[in-house]
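Here the protein sequences come in this chain order: A and B. Each position in the first sequence, counted from 1, maps to that position plus 3 in the numbering used here. Each position in the second sequence, counted from 1, maps to that position plus 1028 in the numbering used here. Take a look at the structure below.
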Amino acid sequence: MVIKVLGSGCSNCKKLEENVKDAVRQSGISAEVLKVQEIGEIMAYGVMKTPALVIDEKVKSMGRVPGVEEIKKYLRD
Amino acid sequence: MFSLIDWVLKQIAGILQSGLTGLIAWFCHLFGWGTGFLESQGYIGAVSFFFYDSLKILLMLSLIIFIVSLIRSFFPPERTKKLLGEGKARGILGNIFAALLGTVTPFCSCSAVPVFIGFIEAGIPLGVTFSFLISSPMVNEVALIMLWGMFGWQIAILYIATGVLVAIVSGLIIGKLKMERYVEDYVYQIKMGQAEDVKPSWKQRISDAGIYVLEILKKIWLYVLIGIAIGAVMHGWAPTGWLVQYAGRNKPFAVFVAVLIGIPLYSNAAGMIPIVKELTRMGMAMGTALSFMMAVTALSLPEMIILRKVLKPRLLAVFIGIMTVTIIFIGYLFNIVIG
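Okay, structure coming up:
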């Protein structure tokens, strides 16, 4: 499983990255967490408002910071 | 219902005021200083204003930001791009549509650059994109509703009308100037993908809005309190009407000066409202005061730095210049139009 956190360094983006790391750790799933900061790459996913969460190349949320519980739900699916 | 809430706020403010006064009195006694000033009109006026307005504004802010965030969750920029893209936004109608959409779209540093790039890449004309980019930070619903509460619906409508007008006109001018080549080159090379419409559920919307309120309050509480403090000092010590001779209705130069002073300053719109209230009490014409508020809130150094990533210096300068001129112009216009 590859999880990508799209964002260019604003505080919300960092918060999402933390939430993702917590969710991965708590659910015990093995996943690679990548940070995508380059604007061209971010927009290639069709995202205009960061932060955005991409799991296995599917955009799960954009423009908001999902909480740890919500991310765990996405990981389980 | 509102008068009940108002009464409660006044009671709490009264308690805080007594507390502060007691503390200062104790402190003064410690050093043998006189405490007469604690009974002066100036002190009482300023402190009561400060506590009452702080409570009222923070309460209103929380409520308004919450409701507005909920509404905004239905207007993500990706959706706006679809509404304006593919040749749908041509000519002046495009500017009008974009300016109106900008007012309901949240503006944050996290979206200014991608939004700009996304719009350009979708084929939305440069001028229309600018109309959107200008109205977004300029028409702030928080400020709108607070203006409504403090000055009545006429002033509130004036505020929206002005903001949208500035956005449309500025966008039109920038479009006519044909400055496409002053957009940073890489912007034209970016290929934007198509994301599935990921719609949050109602539970997510509400929880997001609540979290957002806390975040915003954390970020702006200091600006707001400073704004209220300045207003409080003016309220307590500045006599009513003394500004008329410098910035009253028949003082056209004042608009110009007010806007120039406002540009480098930045404050959150909510923090500006008490200052605007005091400025008008002191005799500044409403149009002048509103354009001062717009200059402070719409143009800011952080925003310019962010836009520099996608705009070459000349275009950025034109952007700032046009907004300045339009704000000044509308300040004059409203001074003439309003009573």
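C-beta atoms are modelled at their ideal positions from N, C-alpha and C, and glycine is treated no differently. Just so we're clear, the structure is a prediction, and the values are computed from it rather than from any experiment.
Where residue i falls: helix, strand or coil (DSSP)
i, result
"residue 35 of chain A", "strand"
"residue 1296 of chain B", "coil"
"residue 1168 of chain B", "coil"
"residue 82 of chain A", "Because chain A in this structure spans residues 4 to 80, residue 82 of chain A falls outside the shown range and cannot be described."
"residue 1180 of chain B", "coil"
"residue 11 of chain A", "coil"
"residue 1359 of chain B", "helix"
"residue 1218 of chain B", "coil"
"residue 1101 of chain B", "coil"
"residue 1309 of chain B", "helix"
"residue 1116 of chain B", "coil"
"residue 1346 of chain B", "helix"
"residue 1332 of chain B", "helix"
"residue 75 of chain A", "helix"
"residue 1076 of chain B", "helix"
"residue 1067 of chain B", "helix"
"residue 1152 of chain B", "coil"
"residue 1269 of chain B", "coil"
"residue 1225 of chain B", "coil"
"residue 1354 of chain B", "helix"
"residue 1204 of chain B", "helix"
"residue 52 of chain A", "coil"
"residue 80 of chain A", "coil"
"residue 1302 of chain B", "helix"
Range of the contiguous beta strand (DSSP E) that encloses residue i
i, result
"residue 56 of chain A", "55-58"
Supposed close pair residue i, residue j - CB separation, criterion 8 angstroms
i, j, result
"residue 1142 of chain B", "residue 42 of chain A", "6 angstroms"
"residue 1085 of chain B", "residue 1155 of chain B", "About 36 angstroms separates the two Cβ atoms, so there is no contact after all."
"residue 1300 of chain B", "residue 1325 of chain B", "6 angstroms"
"residue 63 of chain A", "residue 1226 of chain B", "7 angstroms"
"residue 1120 of chain B", "residue 1200 of chain B", "6 angstroms"
"residue 54 of chain A", "residue 16 of chain A", "4 angstroms"
"residue 1082 of chain B", "residue 1253 of chain B", "6 angstroms"
"residue 1126 of chain B", "residue 1117 of chain B", "6 angstroms"
"residue 1167 of chain B", "residue 1191 of chain B", "4 angstroms"
"residue 1228 of chain B", "residue 79 of chain A", "The pair is not a contact, with the Cβ atoms about 18 angstroms apart (cut-off 8 angstroms)."
Beta bridge counterpart(s) of residue i as assigned by DSSP
i, result
"residue 1036 of chain B", "BP columns for residue 1036 of chain B are empty, so no partner."
"residue 6 of chain A", "A/36 and A/58"
"residue 1211 of chain B", "B/1339"
Element boundaries [alpha helix (DSSP H), containing residue i]
i, result
"residue 67 of chain A", "Element bounds for residue 67 of chain A: n/a, residue is neither H nor E."
"residue 1063 of chain B", "First-last for residue 1063 of chain B: undefined, no H or E at that position."
"residue 1105 of chain B", "1105-1112"
"residue 44 of chain A", "42-47"
"residue 1264 of chain B", "1230-1265"
"residue 1326 of chain B", "1314-1326"
"residue 1366 of chain B", "Run containing residue 1366 of chain B: none; DSSP gives neither H nor E here."
"residue 1275 of chain B", "1272-1275"
"residue 1289 of chain B", "1281-1290"
The ligand COA heavy atom lying under 6 angstroms from the CB of residue i
i, result
"residue 1339 of chain B", "Ligands are entirely absent from the displayed structure, and the ligand COA is therefore not among its contents."
- Message: Whether or not the stretch 1191-1198 of chain B and the stretch 1157-1175 of chain B are in contact is what I'm after, with contact meaning three or more pairs of Cβ atoms, one per stretch, closer than 8 angstroms; do they touch?
- Response: Judged by Cβ distances under 8 angstroms, the stretch 1157-1175 of chain B makes contact with the stretch 1191-1198 of chain B, as three or more pairs qualify.
- Message: Would the stretch 1202-1218 of chain B count as touching the stretch 1145-1155 of chain B if we require 3 or more Cβ pairs under 8 angstroms?
- Response: Three or more Cβ pairs drawn from the stretch 1202-1218 of chain B and the stretch 1145-1155 of chain B lie within less than 8 angstroms of each other, which places the two stretches in contact.
- Kindly confirm or deny that the stretch 1083-1097 of chain B and the stretch 1240-1247 of chain B touch, where touching means at least three C-beta pairs closer than 8 angstroms. yes
- Would you say the stretch 1074-1083 of chain B touches the stretch 1253-1270 of chain B, given that touching needs at least three Cβ pairs under 8 angstroms? yes
- Item | Validate contact between the stretch 1096-1116 of chain B and the stretch 1062-1076 of chain B using beta carbons, cut 8 angstroms, 3 pairs | no
- Counting Cβ pairs closer than 8 angstroms, one from the stretch 32-42 of chain A and one from the stretch 8-15 of chain A, do we hit at least three? Yes: at least three Cβ pairs fall under 8 angstroms.
- Are the stretch 1291-1300 of chain B and the stretch 1171-1178 of chain B touching by the rule of at least three beta carbon pairs closer than 8 angstroms? yes
- Message: For the structure I just gave you, are there three or more beta carbon pairs, one from the stretch 1217-1231 of chain B and one from the stretch 1342-1357 of chain B, closer than 8 angstroms?
- Response: no
- Query: If we count Cβ pairs, one from each stretch, closer than 8 angstroms, do we get three or more for the stretch 1311-1318 of chain B versus the stretch 1273-1293 of chain B?
  - Reply: yes
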